[in-house]
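Adding 18 to a residue's 1-based position in the sequence shown gives its number in the working numbering.
C-beta: ideal position from N, C-alpha, C; glycine also.
Scroll down for the structure; my scribbles are underneath it.
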Amino acid sequence: MPANGKTAPRGQKPLTGYAALRARVAKARATHAGRTAGDRAHRVLDAYLAAAEQQGRPVQDAIADMARGEAAWQIGMALRDETLRAPPAIARDAACASGCAFCCILDGGDGGTITEAEARRLHQALAPHAGEPDGRAWHPGACAALDPATRNCRAYDARPMLCRSFLSTDAAACETNAAGGAAAGAGVLGSHVDYLAVHALARSAL
């Protein structure tokens, strides 16, 4: 569906209000999410839409936020903050430090997949660095947001949810994994699973 929400996929009625949107979400399924994560995604996305309606936001704005990943971002950040109030072991014992950028070496054909909303924030943050050497001057598979001299992220405040969720209790393990090995110690916060489920649910509903 276009972000303005004025048309609907074949066989679906146009969404003209929050009641219709929430009903569509209730019937949708978060693709590839487990049952537990899918159930949580339904609860938190419905609560998000209920709050948006109570605040008087136009339903088309909420639809646009769902389409570009902004709704999932806001929900994911709230869940991440809640998780870190009582941090799990991987966060409490994290070995992550400035310049430790082996987790920023992107493996696989799609690298680190992000949403439209995240991509726009990254573009805005990195536009002033256009034409400068980037992370690929340090490692051919590194994220372009890295400063190759310091290995620090030049878009840290705009970094995607994946980057905010990935942690490791062993920096040496990250280096091993970046070189193609298999070492234990790295993982993501549980809230990242919920974030992905919310975005999958939003896409399915639209």
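| Query | Result |
| --- | --- |
| Please name the residue, chosen from H147, L180, T133, C181, that lies closest to R221 on a Cα-to-Cα basis. | T133 |
| List the DSSP bridge partners of A204. | S186 |
| Rounded C-beta distance between A80 and L39? I'm assuming under 8 Å. | 7 Å |
| Could you check the C-alpha separation between C181 and A119 for me, to the nearest Å? | 11 Å |
| Contact defined as beta carbons within less than 8 Å: I believe D212 pairs with G94. What is the distance between those atoms, to the nearest angstrom? | 7 Å |
| Is the distance from the Cβ of T187 to the Cβ of A113 below 7 Å? | yes |
| Residue ranges of each alpha helix (DSSP H) run of no fewer than 4 residues wholly in the region 86–120, ordered along the chain? | 88–103, 107–110 |
| Checking 7 Å against the spacing of the C-beta atoms, do L185 and I108 come in under that value? | yes |
| Rounding to the nearest angstrom, what Cα-Cα distance links E100 and D175 in this structure? | 19 Å |
| Exposed or buried, which one is P178 when buried takes at least 16 other CB atoms within 10 Å? | buried |
| Please classify A204: is it buried, with 16 or more other beta-carbons within 10 angstroms of its beta-carbon, or exposed? | buried |
| Please state whether DSSP places A148 in a helix, a strand or coil. | coil |
| Look up L214 in the DSSP assignment and say whether it is helix, strand or coil. | helix |
| Tell me I123's beta-bridge partners as DSSP assigns them. | A160 |
| Using only the alpha-carbon positions, how far apart do Q72 and A44 sit? | 19 Å |
| Please name the residue or residues paired with C240 in a DSSP beta bridge. | With the chain represented from 19 up to 224, any question about residue 240 goes unanswered, as that position is not in the structure. |
| Rank A70, A48, R172, W91 by C-alpha distance to the C-alpha of A37 and give the top, closest one. | A70 |
| What's the gap between the Cα of A89 and the Cα of H210? | 14 Å |
| Taking the straight line between their C-alpha atoms, what separation do you get for I123 and L140? | 17 Å |
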